[in-house]
Amino acid sequence: MKGFGAYLALLLLAGVSASYANMVVFKGSQRHPPPRKVSPSRKAPAPPTYKSILALAAARKDLSIANAVLKETSGPDFGPAALPATVFLPNDDAFKLLMKALGINETQLLSLSARILTELAVYHAVPGRPLTVKDLKPKQVVPSALGGYNLTITKDSAGVMVLAAQSKAKVVVADIKAGQTIVHIVDTVLVPYDLVSPPVDPDAFNTPGGALMELGLESLYGAIEAAGLGGVLNRTDVVGTLFAPTDDAFEKMQVALASSNLAELVQNPEVVQMILGDHVHLGEKLMAADLAMRRTLPVGWATPEYTTPAAHILTVTFSPAGPSLTLSGFPGNSAKVLKADVLVGPEQGLVIHVIDGVLITTQTAKALGLIHTNGTGPAPTPAPTPAPTPSPSSGGGAVPVVTVPNLGAAIAGTPELSTLLTKAVAAGLGNQVAAANSPLTMFAPNNAAWTAFENMLKAKDPRLTQIADGIVGLIISDHVHVGDAYNANALTNGQAIPVGMDPTKYMDADATLVRVTVNATGVFVAQQVSGAKVLSTILAGPTVVNVIDSVLLSRASAAALTLIALPSASPAPTPSPATIPAPTPKPTPSPVDPDTIYGVMSTDFTFAAVKGLALAVGLDTPLSDPNAEYTVFAPENEAVQAFGGQLTQIQSVNPNNPKVLQLIYQVLSTHVYMAGVLRSGDLTDGQVISTGFANTPASQVTVTKNSSGVFLNAGTNTVKVVEANIGAGKSIIHKVDGMLISPAAGMLIMELLSGGAAASPAPTPTPSGTPSAADFSSIMAALAATPDLVSFAGLLGMTGALQQLSSPNLVATFFAPHNDAVARVQGALVESFGGNPQYQQQILEAANVILSAHVHVGEVLTNAALNVDGKKIPVGLNPAAYTAADNTVLTVIVNSTGVFLQSGNVVMVSNTTITAGKSIIHVINDVILSPKAMALLPTPGAEPAPEPQPEASPEPEPAPAPAPEPEVPTYDDLPSALRGQGFTHLADMYDTAVASSVGDLMQGLLSANLTLFAPSDAAIDEYLSGNGGTFEQFLADGKQNPFNIAGLVLPHIHLGDSYTLSDLVVGMTVATSADGLDIFKTTLTVQENDGKKVVFKTATDTITVVGGIVRAGAAGIIIPIDKVLTPDAPQ
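Numbered by mature numbering (1 follows the signal peptide of the UniProt record, and there is no 0), the letters in the sequence shown go through residues -21 to -1, 1 to 1110 in order.
Encoded structure:
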């Protein structure tokens, strides 16, 4: 059926036609005779009166359809006994316009449910006093007889108009008396909501059965009856949580079973009952926000079994990328929540979450024979792998086993796994290691394995180690199985274990598998490219770590490392001290010419990372041309490493997509200007440079040059030139502090992060130039195909929210400003901040806050839902925060000129909407600036960006070093400062951490500029006592599990800045912890600083500074505080 966009367009056309008709009637040609004057002695005949509204509709030929509709209603009385009211009754032309917009005929209109027709009819009635045209005000809002819906009435020289949620109508015949009612005939049907998808009747949710039918979950309803559980469908007292699969989910399951031997089995009511039990958690109503706090959830019909070893368990995964909730059963089985928090029953004791798959727990899967008792599935058996010959150091017998509390303790507390810990943190996996408390198996290479692996790469080509560092997250994922904990002593010969961070892909045909070989000499594991021996097993709570003597490599990792000479279907390699097979050696590369771009990158270590990327995509040759006359804006290592983190995320979801290399090539091309040499003096403010290679789309890079330096913008982000005019033969290099990302590259990043699905083809524009009704597979695809929204896509890229907002399953409403609007805000930011690097974090924070005001997660607001005057729309990326007092809320304003959204400013919603996957985009005319965003912007007259220092003279006068104020205690290093100022507990924790396996990591973190918010010993004792422990117990446990100490210390350390009290400005935010360990992050917002008292606000508490600062070495500042800081996110 046609949507209401077509309907509204017809209404606008009708309005234009009516205005034109009025002009012809009242301003007609002078050739027409003047109207005949009525003699004062003659009175116009009084209009006819009717006994009722039904009598009026039956008497007038132009109300025949209205008469038919009124007869199909149920409930309200339109006869002589009708109560006093004002009714706006649509004529036949009005109904014909509605039917044309809906694509239905009169028979189909009258076949709509009695409920819909009744609500449509009463929406045209205003109960109470009958109002003639004389009684109407120039503008008034009146309640309709349809509860919760108002009408806006305006009266002027053009006539009387009635504005509704979905339409507007003009009174064409006024003041007809029908019983106790005054009727005005109107030219348009007033539509309260989408008649095709009407709102749900609240009474439908009194019982589980009613709710399931109203939600369209007929298959689940039928399955419950088939299982002999039909009695529960009509109960009103059920308390619990139900995960309800869609009809499509059941259909997919039936198709999968049709070709298996389970088809007949699931006809057994007891089997159906068992499967349905995996969708029920009884006795506890868990809303989506509650589920997000869980990691596992017992399910089933027997609640006493929830706490026993036999419990059926679902794994709960909450991802802020969307955000989304996923439930997982046995390996490869999972379902995402599509619609959350549907409350059922008079007391609302039951909550339903609609999901996109049928769940089967590991326990049920074993009972059905879907997996064997050791956890492996009945996948096709591969060619047999011969048992490996043990290496000289291998011994026979059982694998030794030790037990520790959790995964963090297993890795951080095992010295031979310190390299793995460092690499996991570098890959951004520190949070998962610290917080893992659900079944998981890790095959963990020891330090010697990593050393051998890196030596192998160096022997092949030293540059490969840079690439390996960039994909370390992918390599680690080759060693992880999610969903089961496999003790090496329980593994069986020939067993196949799928690996990877995403268990939903374990059943795929190309899933990466670890093959097990068990013989008298030990337990061995192998992938397609390498093999290893299990040396020991660590039981760590619900997880298991099997320590191995070699790094495992999947084909995806080997391909990413350009190890292309791989064994295809040959048996697993024989384990030996050199486990990884040496690929076919490449010819020794010729010496690098230092007078070329690539030569400079090879000799300057700060360019090592970008040089590695250039090598990976084959740009080493063109950049080694000594005759090239190029200008290269080369990112320094830190910038490339940040981009590398994004590549790691991409490769984890898209390991074999050739577009990854295309992305690297495209991004690098944005940094190369091939049309000549541009020295810093040649760069001018406002200059636009067209960069790119001959075989890539050109990127437009805009130069901003001011007193703070030279800045470049490729459409989505801004970078600064930190070192200019580096000679490279006939070329020139300018070092920059960030990666330039063009809009085209941003689109490709979004595509790859969402799984690499091809974007939907761009829709054919309609004559008006707006997108046609064609749907897009995702927000990413919609933005990629809509040129006017490219800058909004760039805003997504700038904030780092691409992965969160590009899921095809995201259910959300986006308010997308067009390019010009985004450009105005970007210009204001540049003007306000002056390109000052010290504001970079504040700019990113402002961008995140601005973006969050444009997203409403969890609900698709159509035009019908949006077009309600006064409606409140909470916005932000985290729907769990929508009820918070300080959450941003948009207010809808609907009037005769259009629909607007109000926050800190007012923006207009256009008629252009785009369907994107399960989400919708409304195009708006300006960027929404919430009060939060405005508070982050610098106020006029604020301290300007500092001027750069002039170039030093040949013999500059050294500037005197500022001496610390006499009253500020100063120490040589952090441990001395802590003990000297009485922070004994912190000093003891520091010493314990440094002496542990994480010592090198900790010392490396603390060598940079830092601010330590230091609670007193008494405050730490009080905190630990509240958690049922003492400091002595905590320190003893910390020696075994250094992550415990990290969990208490890291929330107190801000890295990168040494803040004095005068630096802490009200409204400023300070984030603690280290990159990749966000689980320990605490955000402190300065609430008060009058020079005497400094107060912070965190997510959970108010913190007060209780003394002056202490200087610890050249780069450390200690700020004493009154309480222990706890992380923002729950641990």
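Glycine residues also receive a C-beta, built at the ideal position from the N, C-alpha and C atoms.
Since we're looking at a predicted model, the values are computed, not measured.
Per DSSP, the bridge partner or partners of K318: V333
Local conformation of Y485 per DSSP, three classes: coil
Residues of its chain near K851, where Cβ-Cβ distance is below 7 Å and the 5 sequence neighbours each way are ignored: V868, T870
Proximity to T876 [Cα-Cα], best of R108, L142, A80: L142
Exposed unless 16 or more other CB atoms sit within 10 angstroms - verdict on Q645: buried
For N846, the three-state DSSP class (helix, strand or coil): coil
Straight-line Cα distance separating A423 from L719: 36 Å
Buried/exposed call for G665, threshold 16 Cβ in 10 Å: exposed
Beta-carbon proximity of N1020 to G392, cut-off 7 Å: yes
Residue range of the unbroken alpha helix (DSSP H) whose run includes H964: 963 to 973
Bridge-paired residues (DSSP) for G219: L261, L329
Proximal residues to A859 (C-beta, below 6 Å), its chain only, five neighbours per side dropped: A268
Span separating the alpha-carbon of T137 from that of K116: Looking at the sequence itself, residue 137 is Ala, so the reference to Thr does not match. Between A137 and K116, the C-alpha separation is close to 14 Å.
Cβ-Cβ distance between I1058 and L991 below 7 Å: no
Alpha-carbon to alpha-carbon, A290 and E230: 28 Å
Contact set for A800: own chain, Cβ-Cβ below 7 Å, skip 5 residues either direction: N904, D905, V906
Cross-strand partners of R1090 (DSSP beta bridge): T949, I1096
Local Cβ density within 10 Å of A80, reported as buried at 16 or more and exposed below that: buried
Stretch-stretch touch, CB-based, cutoff 8 Å, three pairs: the region 159 to 175 with the region 67 to 83: yes
P948 versus Q1066: straight-line alpha-carbon distance, rounded: 26 Å
Nearest-angstrom Cα separation, counted from K40 out to residue 1154: Absent from the structure is residue 1154, since the part of the chain shown begins at -21 and ends at 1110.
Sequence-distant residues of the same chain with beta carbon closer than 6 Å to Y485, five excluded per side: P310, G311, P477
Stretch pair the region 87 to 99 + the region 44 to 59: three plus CB contacts closer than 8 Å: yes
4 or more residues per run - each alpha helix (DSSP H) lying fully within the region 104 to 163: none
Inter-residue spacing [alpha-carbon to alpha-carbon] between P482 and Q233: 22 Å
When L125, R108, T131 are compared against Q119, the one with the closest alpha-carbon: T131
Residues bridged to P224 (per DSSP): I334
Test item: CB-CB of S757 and A535 under 7 Å: no
Residue(s) in a DSSP beta bridge with G192: Reading off the sequence, residue 192 comes out as Met, not Gly. None, per the DSSP bridge assignment.
Helix, strand or coil at V1028 [DSSP, three-state]: helix
Cutoff 6 Å; reference N884; Cβ partners in own chain excluding five residues on either side: L908
Exposed unless 16 or more other CB atoms sit within 10 angstroms - verdict on Q327: exposed
G58, buried or exposed, once every other Cβ within 10 Å from all chains shown has been counted against 16: exposed
Counted within 10 angstroms of its Cβ, other Cβ atoms place P556 as buried (16 or more) or exposed: Low confidence applies here, because P556 scores a pLDDT of 30, under 50, leaving its location unreliable; read the following figure in that light. Under this definition P556 is an exposed residue.
Separation of F879 from P359, as counted between CA atoms: The pLDDT assigned to P359 is 33, lower than 50, so where the model puts this residue is not dependable, and the model offers no usable value.
Integer Cβ distance of G308 from A344, believed to fall under 8 Å: 7 Å
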